[in-house]
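J.:
In the numbering used here, the protein residues as written are 2 to 150.
(1) Look at residue 82 and residue 106 and say whether their C-beta atoms are less than 7 Å apart.
(2) Rounded to whole angstroms, what's the CA-CA distance from residue 91 to residue 58? Just pull it up for me.
(3) Are residue 85 and residue 102 closer than 7 Å when you measure CB to CB?
(4) Just to confirm my understanding: we take residue 111, look at its own chain, exclude 5 residues before and 5 after, and list those with CB closer than 6 Å. What are they?
(5) Please name the residue in 43, 20, 26, 34 whose C-alpha comes closest to that of residue 52.
(6) Does the distance from the C-beta atom of residue 63 to that of residue 104 stay below 7 Å?
(7) Within its chain, find whatever has a CB closer than 7 Å to the CB of residue 138; leave out the 5 residues flanking it on each side and keep chain order.
(8) Determine the closest residue to residue 116 out of 123, 108, 122, with distance taken between C-alpha atoms.
(9) Starting from residue 45, follow its DSSP beta bridges and name the residues at the other end.
(10) Less than 7 Å separating the beta-carbons of residue 9 and residue 141?
(11) Identify, in the order they occur along the chain, each residue of the same chain with its Cβ nearer than 8 Å to the Cβ of residue 47, setting aside the five sequence neighbours on each side.
(12) Should residue 98 be labelled buried (16 or more other beta-carbon atoms within 10 Å of its own) or exposed?
(13) Could you tell me which of 11, 50, 94, 87 sits nearest to residue 67, measuring between CA atoms?
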């Protein structure tokens, strides 16, 4: 994995730390981690007391994540930042969630030889209780063939 540790682990750890004690949160964010072969996935949903702050909160988390990415990569990587205006989440052919907005990062760490995708989305449940939240999903693929000459 190169000279430094897992980028996804750094992001989840630092975001978890900044969320501790944040009075805007309805409840503590619970991070889930999955690892298989050369992939590490972290995910959490963040619920706020005041849903009108969700879009602003997406920007806040995106700025935190971007600073972690810049520090991790230094000058040895590539960061692509995309703004998301709207969208949907489909599961097995059925649309379940609307995407109100968000930020997606595509990250290439030349030192770690990893490719990561970080999604920070303001999501809205389309059925049932019509809840809204910020989802943070981090997919990191280690020792990618993308770096082979």
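Idealized CB from N, CA, C, for every residue including glycine.
T.: By the coordinates alone:
(1) Here residue 82 refers to the residue found at position 81 when the chain shown is read from its first residue. Here residue 106 refers to the residue found at position 105 when the chain shown is read from its first residue. Contact: yes.
(2) In the chain shown, the residue the question calls residue 91 occupies position 90. In the chain shown, the residue the question calls residue 58 occupies position 57. Those two C-alpha atoms are separated by around 24 Å.
(3) Counting from 1 along the chain shown, the entry for residue 85 is found at position 84. Counting from 1 along the chain shown, the entry for residue 102 is found at position 101. Going by C-beta atoms, residue 85 is nearer than 7 Å to residue 102.
(4) Mapped onto the chain shown, residue 111 falls at position 110. Same-chain partners within the cutoff: 77, 78.
(5) Within the chain shown, numbered from 1, the residue matching residue 52 stands at position 51. Selected option, being the one with the closest Cα: 26.
(6) The count along the chain shown starts at 1 and reaches residue 63 at position 62. The count along the chain shown starts at 1 and reaches residue 104 at position 103. Yes, Cβ-Cβ distance for residue 63 and residue 104 is below 7 Å.
(7) Taking the first residue of the chain shown as 1, we reach residue 138 at position 137. For residue 138, where only same-chain residues beyond five positions count, the Cβ hits under 7 Å are 44, 120.
(8) Counting from 1 along the chain shown, the entry for residue 116 is found at position 115. When each option's Cα is compared against that of residue 116, the closest is 108.
(9) Position 44 of the chain shown, counting from 1, holds the residue named residue 45. Its beta-bridge partners are 137.
(10) Residue 9 sits at position 8 when you count from the first residue of the chain shown. Residue 141 sits at position 140 when you count from the first residue of the chain shown. Taking 7 Å as the Cβ cut-off, residue 9 and residue 141 qualify as a contacting pair.
(11) As a working note, residue 47 is residue 46 in the chain shown. Once the five neighbours on either side are set aside, the close Cβ partners of residue 47 are 20, 26, 30, 58, 62, 134, 135, 136, 137.
(12) Translated into positions along the chain shown, residue 98 becomes position 97. Flag for residue 98 reads buried.
(13) Walking along the chain shown from the start, residue 67 turns up at place 66. Here the closest residue by C-alpha is 11.
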